[in-house]
Amino acid sequence: MQPRKLIMWDKICMWQNRVFSTTIARSNEDGVNFLPKMPQFNHTPSPYNGPSASDLIQRRNQYLPTFVNTYYNHPLNLVEGKMQYVYDENGRRYLDAFGGIATVSCGHCHPDVVEAIVNQTRLLQHTTVLYLNHNVVDFGEALAAKMPGELKVVFFTNSGTEANELALMMARLYTGCHDIISIRNGYHGNATSTMGVTAQFYHKFNVVQTGVHHVLNPDPYRGVFGLDGAKYANDVQDIINHGTCGHVAGFVAEAIQGVGGVIELAPGYLPAVYSIIKKAGGVFIADEVQSGFGRTGSHFWGFEAHGIVPDIVTLAKVTTLL
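Anchor point for the sequence shown: position 194 equals 424 in the numbering used here, and the numbering is continuous, going up by one each time.
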């Protein structure tokens, strides 16, 4: 970080002593380094003989879309991973607190995952849905066993965006309605329909996005009604009364907003909205792409903490490594 930026950081961030980076070492008045040391880890990365970061940047700019951005002014060239750590081209170790955007749930190159992939690749790499194979049935059965209520049928797609696209289409076909309600600040993908329900301008393009209504974000910290979930839910009823024909296809929400900043929803909000949507003939879609699979700690699915059972649940990311 440049000196001028460090001065500004000191002014706006009074708790920077708790933040650490391997980029710069800072000391207190006694000369004690604020940065905690990385713990010992029994792994030596393999020698790297591939292209350098500077070479990759040049080729990336030539052959990949410019809107596919990297982080940092000097992007990391990550070449190896082991459990909770990743390594750059120079063998430097980093603690991966990002997990591939909440995807690498078992750690990098977990031996059990690697073994399963190798064994399956040696046996059979690909079929189609036109033939039988026990793996897809086993996986579907295992997922269904983790679901409450009547959520017992699994439809596999390739990504979270596709899962949400399918859920929206199913809701519209099932109800015969077109209107979908989603929460401001939510993220559900950026394909044709999901871009509409996503409520963040930096993930949207100037294309037609019809039949979508965004309601107040029930943010318990910065929201206008604080922790009062019932008051936020009133906005859903207002939208139905004044923005639709009185019937809707459905409502989609994350139990905890991921891309929006890890925002929990106000207590009582989802149960109240669930009741409103049901009365309007709609289905309730729980987007568990980033909040599911035990990430919240107390429950396996994020929606379970709110005491509801949705009609459709969408999953992604971590499912690629199960």
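Built from N, CA and C at the ideal position, the CB exists for glycine as well.
Keep in mind that this is a model prediction, so the values were computed, not measured.
Counted within 10 angstroms of its Cβ, other Cβ atoms place residue i as buried (16 or more) or exposed
i    : result
P277 : exposed
C475 : exposed
Q288 : exposed
G488 : buried
Q520 : buried
Y499 : buried
N415 : buried
G512 : buried
V548 : buried
F523 : buried
L373 : buried
N394 : buried
Residue(s) in a DSSP beta bridge with residue i
i    : result
D517 : E484, T544
I411 : H443, F481
E494 : I486
Separation of residue j from residue i, as counted between CA atoms
i    : j    : result
G426 : Y315 : 36 Å
A496 : D458 : 6 Å
K376 : I538 : 15 Å
A429 : S423 : 12 Å
D285 : G311 : 21 Å
N307 : D318 : 5 Å
A401 : H418 : 15 Å
V466 : F455 : 14 Å
T300 : E534 : 35 Å
Y462 : C407 : 24 Å
D412 : N447 : Going by the sequence as given, residue 412 is Ser instead of Asp. Going from the Cα of S412 to the Cα of N447 covers about 9 Å.
F328 : T358 : 33 Å
T526 : Y451 : 18 Å
L362 : E392 : 23 Å
L396 : F297 : 26 Å
P275 : G337 : 15 Å
L325 : I470 : 46 Å
G321 : N272 : 14 Å
K267 : A421 : 42 Å
W531 : D517 : 10 Å
N388 : G473 : 33 Å
Contained alpha helix (DSSP H) runs [length at least 4] in the stretch 317-354, N- to C-terminal order: Taken in chain order, the whole alpha helix (DSSP H) runs of length 4 or more contained in the stretch 317-354 are 329-332, 341-353.
Three-pair Cβ contact test at 8 Å for the stretch 469-488 versus the stretch 361-375: With the cut-off at 8 Å, the stretch 469-488 and the stretch 361-375 do not touch.
Meets three-Cβ-pair contact criterion under 8 Å: the stretch 534-551 and the stretch 437-452: No contact exists between the stretch 534-551 and the stretch 437-452.
Three-pair Cβ contact test at 8 Å for the stretch 320-336 versus the stretch 347-354: Counting C-beta pairs with one atom in each stretch, the stretch 320-336 and the stretch 347-354 have fewer than three that are closer than 8 Å, which means they do not touch.
Those runs of the beta strand (DSSP E) which lie wholly inside the stretch 269-326 and span at least 3 residues: Complete beta strand (DSSP E) runs here, min 3: 308-312, 315-318, 323-325.
Contact the stretch 377-390 vs the stretch 497-510: 3+ CB pairs below 8 Å: With the rule of 3 Cβ pairs closer than 8 Å, the stretch 377-390 does not count as touching the stretch 497-510.
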